[in-house]
Amino acid sequence: MSAGLGRGCRRLVLGRPLGAWLRARALSQRGEPASPETSPAASRRPKIYTRTGDQGFSSTYTGERRSKDDQIFDALGTTDELSSAIGVASELSQESGHTFVEQLHKVQCMLQDISSNIATPLSSAREAHLKRTSFSEKPVLELEQWIDKYSEQLPPLTAFILPSGGKSSAALHFSRAVCRRAERCAVPLVQAGEADANVAKYLNRLSDFLFVLARYAALKEGKEEKIYTKNEP
């Protein structure tokens, strides 16, 4: 997990409680009582809900308030859905003894970095934002290496494969489909110059990796991959 992700996400999550703690300390220094909501003790246990999005708006990492149906939040939500789908696939794969589970965990961490980049629109980002949330080409190249490694162990692809091949494989196929949607959500942001081009590249490679991994899981488990057959009228 990159340093940019860690610091960025902590600031996003802890920004409001930290601000409340600072306000309480200022009141205390002036001899004024702090309310229960702004007391240091209360700040150490931040609430899950903030009520700041009740009117249908949310904040980017740069501080902008945008409608929750903005493309940025659509891309963020779909990336989160993708990470959740991969989490399910990872748990099923671990139960089956697959060694690629660690790679899936690393992918989930990379998706957090991608979310940091998406949440930082370049049009309003300052230099400090960019240093924390930039997304390089290195993870894209790593995915390509993984794809080549597993592809070499698979039989040639001669027909259209339906999502199948056992629980691990089917879950990886489902993750691949969600990944394609995440890519479709991210591409407009990249084209508009609001997100790093490597974000779209990574999601594109990731869908290929998940497809190859689904086939590999079926192969290792000895499960049959169902093949598409055209229904004759």
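In my numbering, the protein residues as written are 6 to 238. Where a beta carbon is used, it is the ideal one built from N, C-alpha and C, also for glycine.
Item: Chain-order list of residues whose beta-carbon lies under 6 Å from that of glutamine 99 (same chain, five-residue window excluded); Value: Val106
Item: Identity of the residue in Lys235, Tyr233, Ala205 and Lys225 nearest histidine 103 by Cα; Value: Lys225
Item: Counterpart residues of isoleucine 123 in DSSP-defined beta bridges; Value: Answer is none; isoleucine 123 lacks a bridge partner.
Item: Three-way DSSP call (helix, strand, coil) for phenylalanine 140 in this model; Value: coil
Item: Continuous beta strand (DSSP E) stretch holding phenylalanine 62: start and end; Value: 62–64
Item: Contact the region 137–144 vs the region 170–190: 3+ CB pairs below 8 Å; Value: no
Item: Three-pair Cβ contact test at 8 Å for the region 152–162 versus the region 119–129; Value: no
Item: Residue of Leu116, Gln150 and Gly171 minimising C-alpha distance to serine 88; Value: Leu116
Item: Among Gly58, Ser72 and Val217, nearest to leucine 162 - alpha-carbon criterion; Value: Val217
Item: Limits of the beta strand (DSSP E) - the one that arginine 131 falls within; Value: Run containing arginine 131: none; DSSP gives neither H nor E here.
Item: Candidates Pro126, Leu146 and Arg131, of which the one nearest valine 112 by Cα; Value: Leu146
Item: Selection from Thr55, Tyr233, Phe214 and Arg220 that minimises the alpha carbon distance to aspartate 153; Value: Phe214
Item: Residues near lysine 231 in its chain [Cβ-Cβ closer than 6 Å; skip 5 each side]; Value: Leu167 and Ser169
Item: Neighbourhood of threonine 234 by C-beta distance below 7 Å, restricted to the same chain and skipping five residues each side; Value: none
Item: Close beta carbons around glycine 171, own chain, < 8 Å, minus the five adjacent residues each side; Value: Ser101, Ala222, Ala223, Glu226 and Lys228
Item: Extent of the continuous alpha helix (DSSP H) to which arginine 181 belongs; Value: 172–196
Item: Through-space distance from arginine 70 to serine 64, alpha-carbon basis; Value: 5 Å
Item: Residue interval of the alpha helix (DSSP H) (run including arginine 210); Value: 202–226
Item: Contact set for valine 183: own chain, Cβ-Cβ below 8 Å, skip 5 residues either direction; Value: Thr83, Glu86, Leu87 and Ala90
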